[in-house]
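Here the sequence shown stands for residues 155 to 388, where the numbers follow my numbering. Yeah, the Cβ is synthetic: ideal placement off N, Cα and C, and Gly gets one too. Notes to accompany the following structure.
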Amino acid sequence: MLKLDNIHVYYDHVHALKGISIEVKKGSIVSLLGANGAGKSTALKTISLLLKPKKGDYLFEDSPMLKKSSSDVVKAGIIHCPEGRRVFPLLTVMENLKAGSYIRKDKEQIKHDLEKVFTYFPRLQERQNQKAGTLSGGEQQMLAIGRALMGNPKILLLDEPSLGIAPILVKEIFEIIKEINSEGTTILLVEQNANMALEISDYSYVLENGHVALQGKSEHLKDDPEVRRLYLGG
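Below is the structure:
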């Protein structure tokens, strides 16, 4: 469904991604793991074309993407839920959700998707007229995911959904991510909580200094001694 092949990305003179190759199959959850600065968020920004690679190929549903714009990426069904939530704090919950569907014309399906978001996140329905900036960190993360879902993604890019969230809510959010996937949305997940990411994903890539250091089925990587030493505290 989505394929990066030998992608090189620079920040000025800093070589951030050094020839990474990643594949995400339709209907799967794929996780990108690694320490801070490994290149995980850079990979998502590259897929969204917020960053343009100097070298490599990028295909989505067999269509070349590198000559397209970031708005073309959204129209293709690649929706990015960024690190740090980035909700619009002065807008209400409902206004934030509606902003997620701004490029869509299918009004009836938008209503259906809004109901589905409220099914996933009942707290958002309860707080739909509340300003987003007054929500808790966990609720803002729910809103950020809900807003991304309102874009009707074929593939959802999730960047650190557990960051800064109370542990009791992390499990809940990961359960919802699994549910979203089970209903047909492909997910590419960047996550520092390696235990949780490996638990819910089908396949994982471990990035290190801009390279893919390890990859494989998540159930196998959980038992890999090197992965345990570096990322699971084993």
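Pairwise C-alpha distance: residue j and residue i
| i | j | result |
| --- | --- | --- |
| ALA367 | ALA189 | 12 Å |
| ASN306 | GLY338 | 11 Å |
| ASP378 | VAL360 | 12 Å |
| VAL228 | LYS308 | 10 Å |
| LEU402 | GLU380 | Given that the chain is displayed from residue 155 to residue 388, the structure contains no residue 402 and the question cannot be resolved. |
| GLY388 | LEU375 | Low per-residue confidence applies at GLY388: pLDDT is 48, beneath 50, and the placement is therefore not dependable, though the value from the model is reported in the following sentence. Computed Cα separation, rounded: 13 Å. |
| TYR165 | THR200 | 12 Å |
| ASN283 | GLY181 | 34 Å |
| LYS259 | LYS265 | 11 Å |
| LEU198 | LEU310 | 10 Å |
| GLU280 | GLN294 | 13 Å |
| ASN250 | MET350 | 28 Å |
| PHE214 | LEU297 | 27 Å |
| LYS157 | THR196 | 15 Å |
| GLU326 | PHE242 | 23 Å |
| GLU410 | ASP226 | Past the edges of the chain, shown from 155 to 388, lies residue 410, and the structure says nothing about it. |
| THR340 | CYS235 | 13 Å |
Counted within 10 angstroms of its Cβ, other Cβ atoms place residue i as buried (16 or more) or exposed
| i | result |
| --- | --- |
| ARG383 | exposed |
| ASP313 | buried |
| THR288 | exposed |
| ASP267 | buried |
| GLN263 | exposed |
| TYR212 | buried |
| GLU345 | buried |
| VAL271 | buried |
| VAL168 | exposed |
| ARG239 | buried |
| PRO315 | buried |
| LYS194 | buried |
| LEU220 | exposed |
| GLY364 | buried |
| ILE174 | buried |
| ALA286 | buried |
| ILE322 | exposed |
| ALA320 | exposed |
Local conformation of residue i per DSSP, three classes
| i | result |
| --- | --- |
| ALA351 | helix |
| HIS374 | helix |
| PRO379 | helix |
| GLU345 | coil |
| ASN363 | coil |
| GLU333 | helix |
| GLU326 | helix |
| VAL241 | coil |
| THR339 | coil |
| LYS157 | strand |
| GLY173 | strand |
| GLY388 | The pLDDT assigned to GLY388 is 48, lower than 50, so where the model puts this residue is not dependable; a value taken from the coordinates is nonetheless given after this. Correct three-state label for GLY388: coil. |
| HIS162 | strand |
| SER358 | strand |
Cβ-Cβ separation, residue j to residue i (assumed contact under 8 Å), whole Å
| i | j | result |
| --- | --- | --- |
| PRO207 | ILE161 | 5 Å |
| TYR256 | GLU333 | Actually they do not touch by this definition, with Cβ atoms about 25 Å apart. |
| VAL163 | LEU171 | 4 Å |
| GLY318 | GLY291 | 5 Å |
| SER224 | LEU203 | 4 Å |
| LEU352 | SER372 | 5 Å |
| GLU362 | ALA192 | 6 Å |
| LEU278 | VAL247 | 5 Å |
Within-8 Å CB hit, residue i to chain D
| i | result |
| --- | --- |
| LEU204 | Annotation note: the requested chain D is absent from the structure, which comprises a single protein chain. |
*Of all the alpha helix (DSSP H) runs that stay within the bounds of the segment 247–324, which reach a length of 4 or more residues?*
247–253, 261–274, 276–280 and 291–303
*Ordered list of beta strand (DSSP E) runs contained in the segment 190–234, each at least 3 residues*: 209–214
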